[in-house]
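Taking it in order: structure first as structure tokens, then the write-up.
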Amino acid sequence: MKLNVYAFLLSLFASAMFSGGHAVAHHSFAAEFDFEKPVTLQGVVVKWEMINPHGWITVDVAGPAGQKVRWMVETSNPNGLMRLGWTKNTLKPGDQITIDAYRAKDGSNTANAARVTLADGRRVFAGSATTPQGK
Amino acid sequence: MKAVPTYYGFAVATAMCVLLIAGASSPMTAQVTPAPSNAPNKTLPRLPGGRPDLQGLWLKSAGGFQGLFIGSLDGTNFAAGGTRGGGRGAGGARGGPAPSRFEYTPEAEAERNYRRQNLYLDPEARCHLPGVPRALDQPAGLYPVQIIQDEKYVALLHEAMHDVRIIPTDNSPHPKNYWAWDGDSRGRWEGDTFVVDVSNFNGRAWLDMEGNFVDENEHVLERFTLIDPDTILYEATITDPTVFVKPVEMRFTLKRVPADQQILEYSCLEGERSLQNYTQEDGGKKVRVK
Numbered sequence: 001m002k003l004n005v006y007a008f009l010l011s012l013f014a015s016a017m018f019s020g021g022h023a024v025a026h027h028s029f030a031a032e033f034d035f036e037k038p039v040t041l042q043g044v045v046v047k048w049e050m051i052n053p054h055g056w057i058t059v060d061v062a063g064p065a066g067q068k069v070r071w072m073v074e075t076s077n078p079n080g081l082m083r084l085g086w087t088k089n090t091l092k093p094g095d096q097i098t099i100d101a102y103r104a105k106d107g108s109n110t111a112n113a114a115r116v117t118l119a120d121g122r123r124v125f126a127g128s129a130t131t132p133q134g135k
Numbered sequence: 001m002k003a004v005p006t007y008y009g010f011a012v013a014t015a016m017c018v019l020l021i022a023g024a025s026s027p028m029t030a031q032v033t034p035a036p037s038n039a040p041n042k043t044l045p046r047l048p049g050g051r052p053d054l055q056g057l058w059l060k061s062a063g064g065f066q067g068l069f070i071g072s073l074d075g076t077n078f079a080a081g082g083t084r085g086g087g088r089g090a091g092g093a094r095g096g097p098a099p100s101r102f103e104y105t106p107e108a109e110a111e112r113n114y115r116r117q118n119l120y121l122d123p124e125a126r127c128h129l130p131g132v133p134r135a136l137d138q139p140a141g142l143y144p145v146q147i148i149q150d151e152k153y154v155a156l157l158h159e160a161m162h163d164v165r166i167i168p169t170d171n172s173p174h175p176k177n178y179w180a181w182d183g184d185s186r187g188r189w190e191g192d193t194f195v196v197d198v199s200n201f202n203g204r205a206w207l208d209m210e211g212n213f214v215d216e217n218e219h220v221l222e223r224f225t226l227i228d229p230d231t232i233l234y235e236a237t238i239t240d241p242t243v244f245v246k247p248v249e250m251r252f253t254l255k256r257v258p259a260d261q262q263i264l265e266y267s268c269l270e271g272e273r274s275l276q277n278y279t280q281e282d283g284g285k286k287v288r289v290k
């Protein structure tokens, strides 16, 4: 069986991403985040931590009155993201990005990322096993 | 072991190659998991002593992924020619072949229900070792395991949790007065199948992140069968007379990952900031906002 190496890995990763379980790699998505509360965050990257078991994007978002509101956005497992093509340089401080995400149940400015539109316009997957279609 | 690229070099190479193949990936072939035969398979890779060579990097296969291919990083073409994501296929909630139903004693079922309402308690969510068989029964397709083998040992090096199992092949007895998250593993070859008897558990591990669990009376019999050069059939029978009224059977395949890949670092505690956000309805401290 001849396989494209990266297609193989990406396929396997996609299987995890879309297998329908309630897994965010090693903990429960549902215990922390709410599918019923999607949110789109447009803001400026403060920090991108590509660390295990989950990456974290710190982003400043303009609030309704123009004030700066800081959000913490969890991504999927960084090893899986790296196999998709992410690197620690995918996000840089100052980048203007848009994140499609799901809010934390506690109402804090915490969310779980599904996709990120990067500063160069590419829209990349950052999600987890429960990331719904269309998000 | 041949030299591997540096972490960042590998990351860059991966990113470049991913971009190169965008839109030109190959579909996967259908998953086949026949029952292992007793007849020696002459097509299998073998060690000089004749045992099947299990060495390599492996990834738990997902029942739902076959036929999928990745078209691009934007996630818009994950499944050409089929339902996106492939549905659940023949698999269970996490994509792999579903384990048989857990049949608990009444007391254990109450405990399972309590844990299901308190996912905050999941040991792996707080970076403890997963136990057996959860070490392999991770979310499908996500964390590879490296197998290294000689005549005396079969070693499983898991990316997830940096879990390591070094299994002697001499069927030696379990030690006394030793209890551990992963228990103690003793292996033996039965024809071309590597059979592992696992005991001496500390009784604290969960079987998954849904609250299914075992106690210190857990006993696992694992069977690793190389059914073709790129597929290991993994079977596990879990018995625990103080938890289950019948054995729990698990069966899924591990697929070979191309040789230029490697285990990556998994420093679990570094970025673990999730438990602090768990809400009270799952046993956490945060109050859910409706």
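Chains as they are written, first to last, in my numbering: chain V, 1 to 135; chain D, 1 to 290. For each residue, glycine too, the CB sits at the ideal point set by N, CA and C.
Original post:
With residue 144/D and residue 159/D assumed to form a contact (beta carbons below 8 Å), what rounded beta-carbon distance in angstroms separates them?
Top reply: Right, the Cβ-Cβ distance comes to about 5 Å (below 8 Å), so this counts as a contact.
Original post:
Exposed or buried, residue 104/D, counting other C-beta atoms within 10 Å across all chains shown (16 or more means buried)?
Top reply: buried
**OP:** Find the nearest neighbour of residue 56/D within the set 49/D, 155/D and 126/D, judged by alpha-carbon distance.
**Re:** From the listed residues 49/D, 155/D and 126/D, the smallest Cα separation to residue 56/D is found for 155/D.
Original post:
What are the boundary residues of the alpha helix (DSSP H) that includes residue 153/D?
Top reply: Premise fails: residue 153/D lies in the beta strand (DSSP E), 153-158, not in any alpha helix (DSSP H).
Original post:
Taking C-beta to C-beta, are residue 149/D and residue 60/D nearer than 8 Å?
Top reply: Between residue 149/D and residue 60/D, the gap from beta carbon to beta carbon reaches 8 Å or more.
**OP:** Find the residues of chain V that neighbour residue 286/D, judging by a C-beta separation of less than 9 Å, and give them in chain order.
**Re:** Chain V residues near residue 286/D: 32, 104, 105, 106, 107 and 108.
Original post:
What's the C-alpha gap between residue 177/D and residue 200/D?
Top reply: 8 Å
Subject >> Residues bridged to residue 138/D (per DSSP) >> reply: Answer is none; residue 138/D lacks a bridge partner.
Original post:
Which class does residue 144/D belong to by DSSP, given the choice of helix, strand or coil?
Top reply: strand
Subject >> Minimum length 4: unbroken alpha helix (DSSP H) runs contained in the region 170-232 of chain D >> reply: none
Original post:
What's the call for residue 255/D, buried or exposed, on a 16-neighbour Cβ count within 10 Å?
Top reply: buried
Original post:
Does the region 56-73 of chain V come within contact of the region 94-112 of chain V, defined as at least 3 CB pairs closer than 8 Å?
Top reply: yes
**OP:** Determine the direct distance from the alpha carbon of residue 274/D to that of residue 81/V, and round the result to whole angstroms.
**Re:** 18 Å
Subject >> Neighbour list for residue 38/V in chain D, Cβ cutoff strictly below 8 Å >> reply: Going along chain D, no residue has its Cβ under 8 Å from residue 38/V, so there is no contact; the nearest lies around 15 Å.
Original post:
Hey, is residue 203/D's beta-carbon within less than 8 Å of any beta-carbon in chain V?
Top reply: no
Subject >> Contacts of residue 292/D in chain V (Cβ-Cβ under 8 Å) >> reply: Any property of residue 292/D remains undetermined from this structure, which presents chain D solely from 1 to 290.
Original post:
Quick one: what's got a C-beta closer than 8 Å to residue 134/D's C-beta in the same chain, skipping five residues either side?
Top reply: 124, 205, 206, 207 and 208
**OP:** For the region 51-73 of chain V, enumerate the residues whose C-beta is nearer than 9 Å to any C-beta of chain D, in chain order.
**Re:** 51, 52, 53, 54, 55, 56 and 72
**OP:** Spatial neighbours of residue 219/D within its chain, please: CB distance less than 6 Å, with the 5 preceding and 5 following residues excluded, ordered by chain position.
**Re:** 199 and 239.
Original post:
For the region 75-89 of chain V, which residues have a CB atom closer than 7 Å to at least one CB atom of chain D, in sequence order?
Top reply: Hits within the stretch, in order: 77, 79, 80, 82, 83, 84, 85 and 87.
Subject >> Distance between residue 96/V and residue 253/D (C-alpha atoms, nearest Å) >> reply: Each residue's Cα considered, the two are about 42 Å apart.
Subject >> As assigned by DSSP and simplified to three states, the class of residue 258/D >> reply: coil
**OP:** Taking only runs that begin and end inside the region 24-64 of chain V, name each unbroken beta strand (DSSP E) of 3 or more residues, in chain order.
**Re:** The region 24-64 of chain V contains, as complete beta strand (DSSP E) runs of 3+ residues, the segments 33-49 and 56-62 (chain order).
**OP:** Would you please verify whether the beta carbon of residue 305/D is less than 8 Å from any beta carbon of chain V?
**Re:** This structure does not reach residue 305/D, given that chain D is present from 1 up to 290, and the question cannot be answered.
Original post:
Closer than 8 Å, CB to CB, is residue 315/D near chain V or not?
Top reply: Absent from the model: residue 315/D. The displayed extent of chain D is 1 to 290, so no value can be given.
Subject >> Selected residue, minimal CA-CA separation from residue 46/D, among 110/D, 192/D, 250/D and 130/D >> reply: Nearest C-alpha to residue 46/D: 192/D.
Original post:
Thinking just about the alpha-carbon of each residue, which of 104/V, 85/V, 76/V and 57/V is nearest to the one in residue 122/V?
Top reply: Proximity to residue 122/V across 104/V, 85/V, 76/V and 57/V peaks at 85/V, based on C-alpha coordinates.
Original post:
In terms of DSSP beta bridges, what is residue 149/D paired with?
Top reply: 154/D
**OP:** On the DSSP bridge assignment, give the partners of residue 97/V in chain order.
**Re:** 43/V
**OP:** Mind checking which residues open and close the alpha helix (DSSP H) that includes residue 80/V?
**Re:** 78-84
Original post:
Thinking C-alpha only, which one of 107/D, 129/D and 261/D is nearest residue 268/D?
Top reply: 129/D
Original post:
So what does DSSP say about residue 234/D, is it helix, strand or coil?
Top reply: In the three-state scheme derived from DSSP, where H, G and I count as helix and E and B as strand, residue 234/D is classed as strand.
Original post:
Three-state secondary structure (DSSP) at residue 120/D?
Top reply: helix
Original post:
Between the Cα of residue 67/V and the Cα atoms of 83/V, 76/V, 44/V and 51/V, which residue gives the shortest distance?
Top reply: 44/V
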